[in-house]
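> My questions will all concern the structure given below.
Numbering (UniProt numbering), first residue to last: 1 to 186.
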């Protein structure tokens with residue numbers, strides 16, 4: 001099956017591309033999980049994060065923001081010894097800080113989706129050269145999240161997040177998923 005240019009032949013990557021990426025997502029905890037994972041990805045490849053996702057779910061309390069917001073420095077120290085995750089203290093502290101910020105939001109789902117007007121923005125890109133790394137909407141999301149106390153939410157991370165959660169649909173026209181997701185509804 002033809003896939004987007006970024007998807008390699010790793011079965012985990014193909015499953016992510018085929019089943020998750022670009023599918024509109026509104027479940028709060030799933031949105032929170034992806035926001036943290038996008039932050040963990042900063043400076044690394046997405047496949048690296050995908051391969052560690054299951055372990056992150058174990059050591060970060062199933063991405064439960066209530067529990068993660070209370071993670072102690074000692075628990076962060078423990079996780080720094082775990083080879084199953086990306087051992088970056090700044091990113092682990094950011095996960096805790098972002099959980100705290102998430103819990104302060106009245107309605108995180110509505111806030112996040114507001115940057116695309118509440119419905120998926122469907123793009124019709126022919127190929128990789130047309131897909132942006134940053135958009136005005138991602139810059140606005142980044143600014144709002146930083147103001148709300150989040151970290152590791154720069155514009156590039158926010159755009160990747162928007163793509164992953166289906167806020168924007170960037171499967172290219174030569175991808176098999178384009179036909180289905182270009183008709184996506186909220």
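Beta carbons: idealized from backbone N, C-alpha and C, even for Gly.
With DSSP run on the structure shown, which of helix, strand or coil describes residue 169?
As a position in the chain shown, residue 169 is number 169, starting the count at 1. Strand at residue 169.
> Which same chain residues, not among the five before or five after residue 181, have their C-beta less than 6 Å away from its C-beta?
Position 181 of the chain shown, counted from the start, is the residue given in the question as residue 181. If we look at residue 181 and ignore the five residues flanking it on each side, its Cβ neighbours are 22, 169 and 171.
> Could you name the residues of the same chain whose beta carbon sits closer than 7 Å to that of residue 10, not counting the 5 residues immediately before and after it, in chain order?
Locating residue 10 in the chain shown gives position 10, counting from the first residue. Cβ neighbours of residue 10 beyond the five flanking positions: 47.
> Quick one: what's got a C-beta closer than 6 Å to residue 148's C-beta in the same chain, skipping five residues either side?
Within the chain shown, residue 148 is the residue found at index 148, counting from 1. The residues are 101.
> Among 177, 82, 78 and 160, which one has its Cα closest to the Cα of residue 31?
Numbered from 1 along the chain shown, position 31 holds the residue referred to as residue 31. The option with the nearest alpha carbon to residue 31 is 160.
> Output the boundary residues of the alpha helix (DSSP H) element that contains residue 151.
Start at 1 with the first residue of the chain shown, and residue 151 comes out as number 151. Taken as a continuous stretch (DSSP letters only), residue 151 belongs to no alpha helix (DSSP H), as it is neither H nor E.
> I'd like the ranges of any beta strand (DSSP E) spanning at least 3 consecutive residues and lying wholly in the stretch 48-96.
none
> Identify the residues that DSSP records as bridge partners of residue 121: which are they?
Looking up residue 121 in the chain shown gives position 121. Paired residues: 168.
> For residue 177, report the span of its alpha helix (DSSP H) as first-last.
Residue numbering aside, residue 177 sits at position 177 when the chain shown is read from its first letter. Start and end: 176-181.
> Taking its Cβ as the centre, do 16 or more other Cβ atoms sit within 10 Å of residue 136, making it buried, or is it exposed?
The residue labelled residue 136 in the question sits at position 136 within the chain shown. So residue 136 ends up on the exposed side.
> Do residue 116 and residue 167 have their beta-carbon atoms positioned less than 7 Å apart in this structure?
For the purposes of this step, residue 167 is taken as the residue at position 167 of the chain shown. For the purposes of this step, residue 116 is taken as the residue at position 116 of the chain shown. For residue 167 and residue 116, yes; Cβs fall inside 7 Å.
> Under 8 Å, with one C-beta from each stretch per pair, do the stretch 38-56 and the stretch 105-122 reach the 3-pair mark?
no
> Is it buried or exposed for residue 74, if we count other Cβ within 10 angstroms and need 16 for buried?
Here residue 74 refers to the residue found at position 74 when the chain shown is read from its first residue. The residue is exposed, with fewer than 16 neighbouring Cβ atoms inside 10 Å.
> Taking its Cβ as the centre, do 16 or more other Cβ atoms sit within 10 Å of residue 45, making it buried, or is it exposed?
Here residue 45 refers to the residue found at position 45 of the chain shown. Residue 45 should be labelled exposed.
> Tell me the rounded alpha-carbon separation between residue 69 and residue 163.
In the chain shown, counting from the first residue as 1, residue 69 sits at position 69. In the chain shown, counting from the first residue as 1, residue 163 sits at position 163. One C-alpha to the other measures close to 26 Å.
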